[in-house]
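Novice: Chains A and B, in that order, are what the protein sequence lines are.
Each residue of the first sequence is one higher than the one before, starting from 2 at the first, in this note's numbering.
Each residue of the second sequence is one higher than the one before, starting from 127 at the first, in this note's numbering.
Note that beta-carbon positions come from the ideal geometry of N, C-alpha and C, so glycine has one too.
Questions regarding the structure given below will be posed in turn.
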Amino acid sequence: MTDTAASLRTTPLHARHRASGARMVPYAGWEMPVEYSGIVNEHLAVRSRAGIFDVSHMGEIEVAGKGALEAVQRVSSNDAAALKVGQAQYAGLLTPEGTFIDDMLVYRMGPSHFMLVVNAANTVKDFAWISEQVKLTGDAACVDSSSRYALLAIQGPAARDVLQPLTGVELSDIRYYWFSYGEVAAARVTISRTGYTGEDGYEIFVPPNMADRVWQALLESGRHADVIPCGLGARDTLRLEAAMRLYGNDIDESTTVLEAGLGWTIGWRKSDFIGRERLLEQKERGLARTLVGFEMLERGIARQGYAVLHQGNRVGQVTSGTQTPFLKKAIGMAYVPTAFSTPGSQIEIDVRGRVTKAQVVPLPFYKRVMGSGVI
Amino acid sequence: MPYPADRKYTKDHEWIRLNGEIAEVGITDFAQDQLGDVVFVELPDPGRHVTAGESFGSIESVKAVSELFAPMSGEVLEVNPTLKDHPEAVNAKPHETWMVKVRLSDPEATGSLLDSSQYEALTRT
Numbered sequence: 002m003t004d005t006a007a008s009l010r011t012t013p014l015h016a017r018h019r020a021s022g023a024r025m026v027p028y029a030g031w032e033m034p035v036e037y038s039g040i041v042n043e044h045l046a047v048r049s050r051a052g053i054f055d056v057s058h059m060g061e062i063e064v065a066g067k068g069a070l071e072a073v074q075r076v077s078s079n080d081a082a083a084l085k086v087g088q089a090q091y092a093g094l095l096t097p098e099g100t101f102i103d104d105m106l107v108y109r110m111g112p113s114h115f116m117l118v119v120n121a122a123n124t125v126k127d128f129a130w131i132s133e134q135v136k137l138t139g140d141a142a143c144v145d146s147s148s149r150y151a152l153l154a155i156q157g158p159a160a161r162d163v164l165q166p167l168t169g170v171e172l173s174d175i176r177y178y179w180f181s182y183g184e185v186a187a188a189r190v191t192i193s194r195t196g197y198t199g200e201d202g203y204e205i206f207v208p209p210n211m212a213d214r215v216w217q218a219l220l221e222s223g224r225h226a227d228v229i230p231c232g233l234g235a236r237d238t239l240r241l242e243a244a245m246r247l248y249g250n251d252i253d254e255s256t257t258v259l260e261a262g263l264g265w266t267i268g269w270r271k272s273d274f275i276g277r278e279r280l281l282e283q284k285e286r287g288l289a290r291t292l293v294g295f296e297m298l299e300r301g302i303a304r305q306g307y308a309v310l311h312q313g314n315r316v317g318q319v320t321s322g323t324q325t326p327f328l329k330k331a332i333g334m335a336y337v338p339t340a341f342s343t344p345g346s347q348i349e350i351d352v353r354g355r356v357t358k359a360q361v362v363p364l365p366f367y368k369r370v371m372g373s374g375v376i
Numbered sequence: 127m128p129y130p131a132d133r134k135y136t137k138d139h140e141w142i143r144l145n146g147e148i149a150e151v152g153i154t155d156f157a158q159d160q161l162g163d164v165v166f167v168e169l170p171d172p173g174r175h176v177t178a179g180e181s182f183g184s185i186e187s188v189k190a191v192s193e194l195f196a197p198m199s200g201e202v203l204e205v206n207p208t209l210k211d212h213p214e215a216v217n218a219k220p221h222e223t224w225m226v227k228v229r230l231s232d233p234e235a236t237g238s239l240l241d242s243s244q245y246e247a248l249t250r251t
C-alpha cells in the first residue's frame, strides 16, 4: 500500500491517526484508518459505550438558489419538500432506471439551500450529475464543498453525555435526523443527530483546521467512559448489523431502490423525479429479486460476491457478509428471487466450494433499544 | 514481538516447528496483526495428506478470509481443539498457537523456508 500512498487523499486527522497507531488502508481514493484497537473491540465499544470516527472522506455537495428545491426534488428519490429547515433525510440519487448513482443524506440548511452528503468514492460522479440536472432546472447553483468540512462521528449510547460538556447546544433538543449549529470545543460546527452504526449519536461537520482539536476534545471528554477511536472496519460491521446499505456492496447502478428494500425513501407523492417512471412500472409488475438478510445455519462466513444457491442452482449473490462481533453470528445480505425472500426461507451459500445452509431472517439484524429520550 | 529461532517460516506468513518427523504449523504475529480479529479457523481432518505450498485451510477475520498454505508435505495428525471455540487465541499468542500437527514426508525438505531473521527482514519490506 506504500506504493500508492502518494496518490491517496488524506483527511485533516491523518497525522493524528498515524501517531495513534491506527492501521491505515486505501479506501475510495483516501488513506483511512481501518482499525485502531481491533474491529471487535471498537464494535463492542460503540454498542455499549461510544466510539469516535473520522469520516471526513464523505463528500458534501450544496445546492442553493431560488430553484434549489426543484433541483433537489428532481435528483433525489425522497420528498425534500417534506423537510423543515434543520432536518435531514436519507435518499437515493437515481439513474433514469431507478438504480443508484449513490445514496445520500439530504440536509435542508435553508428554505432554498440543501446539502447532500454523499459517498467518498462517488463525489466526483455525483457532482457532475447533479450539476447537469441543476442546469436543466435553472436558477440554482451547485457547489462541491467537500474540502470545507471535516466530518467526525460520535456513536453509541454514551454519545450525548460525551458531547454535551463540549457544547452550548442543548443536545436533547436535536431530534433524530435533525441538526443544529453551534460550537464544539470552540470550533464552529454543524451537529447532526445521524449516523451509520445503528446507535444513537451525532455527526459533526467541522472546519478542517479545527478537526484535530474537536477529535482530541471528544476523546478527552469520553476518557472516563472508555470511549475509543474507531476505524472504518467497525463502521462496516456496525452498519451491517443495523442493515444499513453500503454503496458498492448492497446497492449500485444495477440495483433499484425497490429491489434494495428502500421503497420508504421514495417520495411517490411529489410530482416527478429521475427514475420515477421505471420504479412505478417495477412496483406494478412486482419484483423479480429482493435484498434480504440471512444467517448462516452451519459454520462458515459468507462474503461479498459468494453465490446464493437453492437446491444446487445459483439463484443470487451475497452483497455483504461477516461474523458480527455483537450478535456473534455469521450474517449477511444478498439478492435472491422474491420467492425466497420471506423470513424462514432456506437458502445455501457457496462458501469457497462448500455448500453451506443459511436462512432468510428479517432486517435489521440489530435494533437498539430506544431510551426514554426524544427519538 | 520477536520471531522465535526454533522454527522456520514461509513467505506466506506461516511458521513450522520441527521435532523429528513431527511438525507444528501456525501463523506468525505479522499475519495475525494484518488479519485483525480472527473469528473462525477452518482446518483439514486428521489423516489428510497435504503438499508443500498447497492450501490446507482458511482463517477468517471479521474483515476478510485468508488461505493457509502448508510449509511442508505430510499427513495431518491432529488439529488444535481450542481453535474451534477460541479462534482469538491466534491473535493473543500466535507463536504458541499451533493449528495442525503434521507427520512430515521428508523432514529434510526445508529448502525454501526462511529462518527467523530472514522472515523478520521480509516483514519489514
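1) Can you confirm whether the segment 138-153 of chain A touches the segment 37-46 of chain A when touching is taken to mean that 3 or more C-beta pairs between the two stretches lie within less than 8 Å?
2) Please determine, among B:Glu234, B:Phe156, B:Thr251 and B:Asp171, the residue with the shortest C-alpha to C-alpha distance to Arg143 of chain B.
3) What residues of chain B sit near Glu200 of chain A, judged by a beta carbon separation below 8 Å?
4) Closest Cβ-Cβ distance between Gly162 of chain B and chain A: below 7 Å?
5) Return the chain-ordered list of same chain residues with a C-beta closer than 8 Å to the C-beta of Thr339 of chain A, the five sequence neighbours on each side being excluded.
6) Counting only Cβ pairs nearer than 8 Å, list the residues of chain B close to Gly234 of chain A.
7) Going by DSSP, name the residue or residues bridged to Met25 of chain A.
8) Pull up the CB-CB distance for Ser165 of chain B and Leu209 of chain B, whole angstroms please, since I reckon it's below 8 Å.
9) Thinking just about the alpha-carbon of each residue, which of A:Leu167, A:Tyr177 and A:Gly196 is nearest to the one in Gly183 of chain A?
10) With the cut-off set at 7 Å, would you say Arg279 of chain A and Glu63 of chain A are in Cβ contact?
11) What's the gap between the Cα of Met198 of chain B and the Cα of Asn42 of chain A?
12) I need the DSSP call for Met116 of chain A, collapsed to helix, strand or coil.
13) State buried or exposed for Tyr135 of chain B, treating a residue as buried only when at least 16 other CB atoms are found within 10 Å of its CB.
14) Trp130 of chain A lies in the alpha helix (DSSP H); which residues open and close that run?
15) Taking Val216 of chain B as the query, report the chain A residues whose CB atoms sit under 7 Å from its CB, ordered along the chain.
16) Can you give me, in chain order, the residues of the segment 143-169 of chain B that have a beta carbon less than 7 Å from any beta carbon in chain A?
17) So, does the segment 240-252 of chain A touch the segment 206-217 of chain A, judging by three or more C-beta pairs under 8 Å?
18) Can you pull the chain B residues whose beta carbon is under 7 Å from the beta carbon of Arg304 of chain A, in chain order?
19) Taking only three categories from DSSP, how would you classify Met210 of chain B?
20) What is the rounded straight-line gap between the Cα of Val375 of chain A and the Cα of Ala154 of chain A?
21) Short of 7 Å in beta carbon distance, which residues of its chain neighbour Asn217 of chain B, apart from the five on each side in sequence? Order them along the chain.
22) Measuring CB atoms only, is the segment 185-199 of chain A touching the segment 11-18 of chain A, in the sense that at least three cross pairs come out at less than 8 Å?
23) So, do the segment 53-61 of chain A and the segment 73-82 of chain A have three or more beta carbon pairs nearer to each other than 8 Å?
24) Measuring alpha carbon to alpha carbon, tell me which residue in A:Lys329, A:Ile252 and A:Arg277 is nearest Gly306 of chain A.
25) Determine contact between the segment 313-328 of chain A and the segment 266-286 of chain A, defined as no fewer than three beta-carbon pairs at a distance below 8 Å.
26) Would you say the segment 148-158 of chain B touches the segment 221-232 of chain B, given that touching needs at least three Cβ pairs under 8 Å?
27) Using a Cβ-Cβ cut-off of 7 Å (strictly less than) and excluding sequence neighbours within five positions of Gly234 of chain A, which residues of its own chain qualify?
28) So which residues on chain B does Gln324 of chain A lean against when the C-beta distance must stay under 8 Å?
29) Is it true that the CB of Ala89 of chain A sits closer than 7 Å to the CB of Ala160 of chain A?
30) What is the DSSP secondary structure of Gly223 of chain A, reduced to helix, strand or coil?
31) Below 7 Å between beta carbons: does that hold for Glu147 of chain B and Arg229 of chain B?
32) Give every residue of the same chain whose Cβ lies closer than 7 Å to the Cβ of Arg19 of chain A, excluding the five residues on either side of it in the sequence, and list them in chain order.
33) Based on Cα-Cα distance, which residue from A:Gly232, A:Lys271 and A:Val185 lies nearest to Met33 of chain A?
34) Would you list the residues sitting across from Gly313 of chain A in a DSSP beta bridge?
35) To test your reading of the DSSP string, which unbroken beta strand (DSSP E) runs of 3 or more residues are found completely within the segment 175-201 of chain A?
36) Could you tell me the alpha carbon to alpha carbon distance between Val362 of chain A and Gly301 of chain A, rounded to whole angstroms?
Specialist: So, from the data block:
1) no
2) Stepping through the second sequence from its first residue, residue 143 of chain B is reached at position 17. Measuring from the Cα of Arg143 of chain B, the nearest candidate turns out to be B:Glu234.
3) Working through the first sequence from its first residue, we reach residue 200 of chain A at position 199. None at all; the shortest Cβ gap to chain B is about 18 Å.
4) Counting from 1 along the second sequence, the entry for residue 162 of chain B is found at position 36. Yes, contact with chain A.
5) Here the question's residue 339 of chain A lines up with position 338 in the first sequence. Here the set comprises Gly287, Leu288, Ala289, Arg290 and Thr291.
6) Position 233 of the first sequence, counting from 1, holds the residue named residue 234 of chain A. Correct list: Gly162, Val188 and Lys189.
7) As a working note, residue 25 of chain A is residue 24 in the first sequence. For Met25 of chain A, which the question treats as bridged, DSSP gives the partners A:Pro34.
8) Indexing the second sequence from 1 puts residue 165 of chain B at position 39. Indexing the second sequence from 1 puts residue 209 of chain B at position 83. Before going on, a small fix: residue 165 of chain B reads as Val here, not Ser. Distance from Val165 of chain B to Leu209 of chain B at the Cβ level is roughly 11 Å; contact not present, criterion being Cβ atoms closer than 8 Å.
9) One-based indexing of the first sequence puts residue 183 of chain A at position 182. The residue with the shortest Cα to Cα distance from Gly183 of chain A is A:Leu167.
10) For the purposes of this step, residue 279 of chain A is taken as residue 278 along the first sequence, with counting starting at 1. For the purposes of this step, residue 63 of chain A is taken as residue 62 along the first sequence, with counting starting at 1. No, the pair does not count as a contact, with Cβ atoms beyond the cut-off.
11) Counting from 1 along the second sequence, the entry for residue 198 of chain B is found at position 72. Counting from 1 along the first sequence, the entry for residue 42 of chain A is found at position 41. Computed Cα separation, rounded: 35 Å.
12) Numbered from its first residue, the first sequence carries residue 116 of chain A at position 115. Note: Met116 of chain A maps to strand in three-state DSSP.
13) Taking the second sequence and counting its residues from 1, one reaches residue 135 of chain B at position 9. Counting Cβ neighbours within 10 Å, Tyr135 of chain B comes out buried, since at least 16 surround it.
14) Position 129 of the first sequence, counted from the start, is the residue given in the question as residue 130 of chain A. Run containing Trp130 of chain A: Thr124 to Thr138, per the alpha helix (DSSP H) assignment.
15) The count along the second sequence starts at 1 and reaches residue 216 of chain B at position 90. Those do not exist, as Val216 of chain B stays about 13 Å from chain A at its closest Cβ, beyond 7 Å.
16) Gly162, Asp163, Val165 and Phe166
17) no
18) The count along the first sequence starts at 1 and reaches residue 304 of chain A at position 303. Result: Val191.
19) Counted from its first residue, the second sequence places residue 210 of chain B at position 84. The question names Met, yet the displayed sequence has Lys at residue 210 of chain B. Per DSSP, reduced to three states, the secondary structure at Lys210 of chain B is helical.
20) By 1-based counting over the first sequence, the position of residue 375 of chain A is 374. By 1-based counting over the first sequence, the position of residue 154 of chain A is 153. Confidence at Val375 of chain A is low in this model, with a pLDDT of 44, below 50, so its placement is unreliable and no value can be given for it.
21) Counted from its first residue, the second sequence places residue 217 of chain B at position 91. The answer, listed in chain order, is Gln158, Asp163 and Val164.
22) no
23) no
24) Here residue 306 of chain A refers to the residue found at position 305 when the first sequence is read from its first residue. For Gly306 of chain A, the nearest C-alpha among the options comes from A:Ile252.
25) no
26) yes
27) Within the first sequence, the letter at position 233 stands for residue 234 of chain A. If we look at Gly234 of chain A and ignore the five residues flanking it on each side, its Cβ neighbours are Val35, Glu36 and Ile40.
28) What you label residue 324 of chain A is simply residue 323 of the first sequence in a count that begins at 1. The contacting residues are Val165, Phe166, Glu186 and Val188.
29) Locating residue 160 of chain A in the first sequence gives position 159, where the first residue counts as 1. Locating residue 89 of chain A in the first sequence gives position 88, where the first residue counts as 1. Taking 7 Å as the Cβ cut-off, Ala160 of chain A and Ala89 of chain A do not qualify as a contacting pair.
30) Mapped onto the first sequence, residue 223 of chain A falls at position 222. In the three-state scheme derived from DSSP, where H, G and I count as helix and E and B as strand, Gly223 of chain A is classed as helix.
31) In the second sequence, counting from the first residue as 1, residue 147 of chain B sits at position 21. In the second sequence, counting from the first residue as 1, residue 229 of chain B sits at position 103. It is a contact, given that the beta carbons lie within the stated cut-off.
32) Along the first sequence, read from residue 1 onward, the residue named residue 19 of chain A stands at position 18. Only Met25 meet the Cβ criterion.
33) Residue numbering aside, residue 33 of chain A sits at position 32 when the first sequence is read from its first letter. Per the Cα distances, A:Gly232.
34) Position 312 of the first sequence, counting from 1, holds the residue named residue 313 of chain A. Its beta-bridge partners do not exist; DSSP assigns none.
35) 180-185 and 188-193
36) The residue given as residue 362 of chain A occupies position 361 in the first sequence. The residue given as residue 301 of chain A occupies position 300 in the first sequence. In a straight line, the C-alpha of Val362 of chain A is about 17 Å away from that of Gly301 of chain A.
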